[in-house]
Each structure stands twice: as structure tokens, then as C-alpha cells.
Amino acid sequence: MFKWLDPYAKPQVLFATLLWWQRWLMPLSIVVLLLGTVWGLGFTPADYQQGDSYRIIHVHVPAAIWSMGVYAWMAIAAFIALVWQVKTAQWAIGAIAPIGAVYTLIALFTGAAWGKPMWGTWWVWDARLTSELILLFLFLGVMALQNAFADRQTGDKAAAVLAVVGVVNLPIIHYSVEWWNTLHQGATITKFAKPSMDPSMLWPLLICILGFALLFGALTCLRLRTAILQHEAHRPWVRQYVQEQQHATV
Amino acid sequence: MSHANVFRATFQRELKLLARQKADWVNPLLFFIIILTLFPLGVGAKPNLLREIAPGVIWIAALLSVLLGAERQFRQDYRDGVLEQLVSARSPLVGYSLAKIAAGWLGSGLPLILVSPLLALFLGLSTEALTAVVLTLLLGTPLLSLLSALGAALTLSADKGGILLALIILPLYIPLLIFASAAVEQASFGLNYQAQLAVLAAMLCVALALVPLAVQKALKLNVG
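Heads up: the sequence lines are chains H and F, in that order.
When we follow this note's numbering, the leftmost residue of the first sequence carries the number 3, and every step to the right adds one.
When we follow this note's numbering, the leftmost residue of the second sequence carries the number 31, and every step to the right adds one.
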């Protein structure tokens, strides 16, 4: 497996691969997201109890699922960076973290916007809400740590350590907050967590989840490519690539 | 040199430093007491309200005062080149960091535990809740010292270490805070809180095994 993966540690090879993937993923994610959101927001039947406001789940649930998923991918990149000292994996942490932070923000915002008409409040100190907020802090912490050093490489490595430590924290946070809440009151949101949905509502939701995953992939390709160009700016192949791009646009 | 040797030498040196630089452990303790004094002034001196919020208040004050001393934990050794010597001599940093953490706990954790019964009385906690506060602090403050040492090691050569340290370490404190205040709350209702204590002990064991390795890694990358 390592023989097969090894070439991708080389920035130039990875750059070309990412370019190829990005060309596919970017349009595909836009098409899938458009399909899912238009179907979900415009053409599914309204809920018998919640009316039209339930439709926000087509944005909220994918963002929430992938905010966790993005953290997992970032932690995998961090682990690879620490164990095998792969430079490109270090750069991937910085490329992924802001995407995860934005997904988390989307999940929090759409959740609050749904909570206001449904629960009558923007925010409850509920298990899921709190753990999502802490996830946002973890993403922001990784980003802050990465940018805090005069030496960029030290920042990358420190962020990798923090990302790996943070993943140990994720399940603890999740379950401990549930424990903490059951002491006060019964869970208010978990009965919505596994809704038995009608297929007419479920399909657009699944398409949206796929769309958010594809968008994450496409954005990661884009951001990691940018990071590679920035880190390797002094290399001949980057100069050649930039010149080619300039000729192409002129 | 083995881990045990390095541990012993560093620990003895740290104890000497604690004995000579009394401000290192007196200041966090004063900070802890002052925060606890501010709460009755801030929220009003209503005995029922104070009794209700006391567990959370004591724990948050403990988090902050441990964090206050954390930044300096490795800074002196980093500035005067001790760490560089240790890294270039390839001496085992796990023993060194464990000794640092243990001494850090003696300086910033233990005084809080000793003074906490007095403060719990000020805030009107019952005897059961007071016992729970002391027990959770006993299990929890070593964990605070471990995590804050990791934060200090990670931000060692960062430009704005202090505030960044708080930013990255406070989210990691949250599970601890949740279980500790749950235990104290159970105790104040006269309920059994052994489950929460067991979870705290488990978290401490895991952290004790893994955090020194992460600290070692963080120290190396900041020095090398």
C-alpha cells in the first residue's frame, strides 16, 4: 500500500492529481448540491406538523454530519503528517480546517434559525448543540495555532499534534455532554435525531449529504493546491506552471 | 540516562525552584481565592444562589488559575537553553515532562485542593458537596496540569503564546468540567457520584499515559 501511496507525498505529483480530481469534483458537487437543494427546498411535500420550516434540514443535516467528517479527515491527515513526516499531509491540515469551521458554522446557524420558530429559542444548552460549538472551537484552535509561529513548519507540526489530541476529545465531549444533560432534563433533540422520514423527503436529504461531501472534496483539492503552490513557490516546476498559466490567460 | 533518572533530577530541581520562587505557587492560589470572592459580589450574596452555583464557580476558578501558571511551565527552560541541551543530548523527554507536570501540579493544583474546603464553606456548600469538591479536585487538577502542560509545550515558540494557550486548551477542559460539576451536583442532592469519579479517574489514567508523549513531541518540534 505504501508503495502505491508513496508518490503522492511528492508535491508535484500530488498537485497534478488534485488538479484532475478538482476538475471532476467541482462541477459534480455543484450539480448534486443544486439538485438536492432545489428538490428538497422546492418540491418535497411540507411536513404535517412543522410546515415548510423543516426544509432547512436539507442544509443543516449535511453540514452537521460533515463538520464531524471533516474533522476526522483532518485528524487522519495530521496522523499521517506526524507518523510518516509527510509534508503534504501537514499542508492538508491547514487546507481542511477552515472548510470544517465553515461547515460547523453553517450547521450552528441553520440549527439556530430552525430552533427559533420550532423551540421558541435560538439556543439551548443541549448535548448536540454544545458538542457542535466545541467542535467549532477545536477547528478555530487548530487554525490559530497553525498561524501563531514565525516558522511556518513549526506551526504546521504543532497544529498536527493538536488535531490528533482533539480527536480523542471528540467522543468524550459527545457522550459526556449527554450524561451531563440527562441529569437535568430529558434530551430534547435526540428524538428528532433519527426521524422516520418519508422517502420523498429522505432522498433529497441523502443527495444533499453527498453534495456536501463532494464539495468538501473539491474545496480541499483547491485549497491544498494553493498551499502546495505557496510552499513550493521557489521550485522550478512551480515557476514553469505559473508561466504556463500566464501564457494561457494572455 | 533513563527516564527515571531524568525524572528524579528534574523533579528535585523543580521542587527547589518552588521552594525558592514562592510567587510561582502563591500567585495562582491568590488568583483562585480572588475569583471566588468576586462571585458573591457579582451575582449578589444570596445564600441559596451561591450554594447552587458554587460547584461550577470553584471548578472554573480552578481551571483559570491552573491555566494562569501554565504558560511559564517550559518558558524558562526554553529561553535559557536547557531544553535545547536536553533535545540535542537525546535525553528522554518523557521523564523530564512528567517531572515538570508533577511539580506544576504541586505548585498550582495541590494548594487549591488544600484551600478549597475553606472556600466551599464561604459559599455555603454542604459537607457532602464539600467532600465531592475535594475528591473531584484531587482527581481533576492533575488532569488540568497534564493538559495545560501540553498547551504550554505546543505554544512554546509561538509569538503570542499566552492567549493562544487558553484558546486551544480550554475546549479540552470541557469534559472534565462537565463530569466534575455533575459529581458535585449529585453529591449536593445526597446521591451516589461514584460513576462520575470513576470516569474522572479513567480520563486521568489515559491522559497520564498519552499526554507526556504528546508533550515530548511538542517540545521537540518547538526546539528543533
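Backbone N, C-alpha and C fix where the C-beta goes; we use that ideal spot for every residue, glycine too.
Q: Tell me, to the nearest whole angstrom, how far the beta carbon of residue 167 of chain F is from that of residue 146 of chain F; I am working on the premise that it is less than 8 Å.
A: Within the second sequence, the letter at position 137 stands for residue 167 of chain F. Within the second sequence, the letter at position 116 stands for residue 146 of chain F. Confirmed, about 6 Å.
Q: My understanding is that residue 81 of chain F touches residue 155 of chain F, with C-beta atoms under 8 Å, so please give their C-beta distance in whole angstroms.
A: In the second sequence, residue 81 of chain F corresponds to position 51, counting from 1. In the second sequence, residue 155 of chain F corresponds to position 125, counting from 1. Contact holds; Cβ gap of about 6 Å.
Q. At which residue ranges does the stretch 116-166 of chain H contain complete alpha helix (DSSP H) runs of 4 or more residues, listed in the order of the chain?
A. 129-148
Q: Below 7 Å CB to CB, which residues in the same chain sit around residue 62 of chain H once its five sequence neighbours on both sides are set aside?
A: Numbered from 1 along the first sequence, position 60 holds the residue referred to as residue 62 of chain H. Closer than 7 Å at Cβ, skipping near neighbours: 109, 112, 113, 116.
Q: Tell whether a beta-carbon distance below 7 Å holds between residue 163 of chain F and residue 88 of chain F.
A: Sequence index remark: in the second sequence, residue 163 of chain F carries index 133 (1-based). Sequence index remark: in the second sequence, residue 88 of chain F carries index 58 (1-based). Residue 88 of chain F sits close to residue 163 of chain F, with the two beta carbons spaced by under 7 Å.
Q) Could you check where the alpha helix (DSSP H) with residue 136 of chain F kicks off and where it finishes? A) Position 106 of the second sequence holds residue 136 of chain F. First-last of the alpha helix (DSSP H) with residue 136 of chain F: 123-138.
Q | Beta-carbon proximity check, residue 69 of chain H vs residue 106 of chain H, cutoff 7 Å | A | Taking the first sequence and counting its residues from 1, the one referred to as residue 69 of chain H is at position 67. Taking the first sequence and counting its residues from 1, the one referred to as residue 106 of chain H is at position 104. In contact: residue 69 of chain H and residue 106 of chain H (Cβ atoms closer than 7 Å).
Q: Tell me whether residue 9 of chain H counts as near the ligand NAP, meaning its Cβ is closer than 6 Å to at least one heavy atom of that ligand.
A: As for the ligand NAP, it is missing from this structure, which has no ligand bound.
(Q) For residue 246 of chain H, report the span of its alpha helix (DSSP H) as first-last. (A) Here residue 246 of chain H is taken as the residue at index 244 of the first sequence, counted from 1. Per DSSP, residue 246 of chain H belongs to the alpha helix (DSSP H) from 238-251.
Q) Applying the criterion that 16 or more other CB atoms from any shown protein chain within 10 Å of the CB defines a buried residue, is residue 225 of chain H buried or exposed? A) Within the first sequence, numbered from 1, the residue matching residue 225 of chain H stands at position 223. Here residue 225 of chain H is buried. Its C-beta has 16 or more other C-beta atoms within 10 Å.
**Q.** Test: residue 248 of chain F CB closer than 7 Å to a CB of chain H
**A.** As a position in the second sequence, residue 248 of chain F is number 218, starting the count at 1. Yes, contact with chain H.
Q | Distance between residue 87 of chain H and residue 17 of chain H (C-alpha atoms, nearest Å) | A | As a position in the first sequence, residue 17 of chain H is number 15, starting the count at 1. As a position in the first sequence, residue 87 of chain H is number 85, starting the count at 1. Rounded to the nearest angstrom, the two C-alpha atoms are 18 Å apart.
Q: Just the C-alpha distance for residue 213 of chain H and residue 13 of chain H, rounded to the nearest angstrom, thanks.
A: What you label residue 213 of chain H is simply residue 211 of the first sequence in a count that begins at 1. What you label residue 13 of chain H is simply residue 11 of the first sequence in a count that begins at 1. Their Cα atoms are separated by approximately 27 Å.
Q) Taking Cβ positions only, does residue 169 of chain H come closer than 7 Å to chain F? A) Working through the first sequence from its first residue, we reach residue 169 of chain H at position 167. Chain F contact via Cβ: absent.
(Q) If we define contact as Cβ-Cβ less than 7 Å, is residue 106 of chain H a contact residue for chain F? (A) Residue mapping note: residue 106 of chain H aligns to position 104 of the first sequence, counting from 1. Taking Cβ atoms only, chain F never reaches closer than 7 Å to residue 106 of chain H, which makes this a no.
Q) Taking 7 Å as the CB-CB cut-off, is residue 156 of chain H touching chain F? A) Indexing the first sequence from 1 puts residue 156 of chain H at position 154. True, the Cβ-Cβ gap to chain F drops below 7 Å.
Q | Test item: CB-CB of residue 163 of chain H and residue 247 of chain F under 7 Å | A | Translated into the one-based positions of the first sequence, residue 163 of chain H becomes position 161. Translated into the one-based positions of the second sequence, residue 247 of chain F becomes position 217. Closer than 7 Å, so yes.
Q: Over the uninterrupted alpha helix (DSSP H) stretch that includes residue 180 of chain F, give me the two end residues.
A: In the second sequence, residue 180 of chain F corresponds to position 150, counting from 1. Run containing residue 180 of chain F: 157-184, per the alpha helix (DSSP H) assignment.
Q | Residues that residue 139 of chain H contacts on chain F, provided the C-beta gap is smaller than 7 Å | A | Indexing the first sequence from 1 puts residue 139 of chain H at position 137. Within chain F, the residues placing a beta-carbon under 7 Å from that of residue 139 of chain H are 201, ordered along the chain.
(Q) Counting only C-beta atoms, is residue 89 of chain H closer than 7 Å to chain F at any point? (A) Along the first sequence, read from residue 1 onward, the residue named residue 89 of chain H stands at position 87. Not one chain F Cβ lies under 7 Å of residue 89 of chain H.
Q: Consult DSSP for residue 189 of chain F and reduce its assignment to one of helix, strand or coil.
A: Looking up residue 189 of chain F in the second sequence gives position 159. In the structure shown, residue 189 of chain F sits in coil (DSSP, three-state: anything other than H, G, I, E or B).
Q) If you measure beta-carbon to beta-carbon, which residues of the stretch 41-52 of chain F are closer than 9 Å to chain H? A) Listed by position, the residues of the stretch 41-52 of chain F near chain H (Cβ gap below 9 Å) amount to none.
Q | Buried versus exposed, by CB contacts within 10 Å (16 or more), residue 21 of chain F | A | Given a span of 31 to 254 for chain F in the structure shown, any question on residue 21 of chain F remains unanswerable.
Q. Excluding sequence positions up to five away, which residues of its chain have a Cβ less than 6 Å from the Cβ of residue 168 of chain H?
A. Residue mapping note: residue 168 of chain H aligns to position 166 of the first sequence, counting from 1. For residue 168 of chain H, where only same-chain residues beyond five positions count, the Cβ hits under 6 Å are 140.
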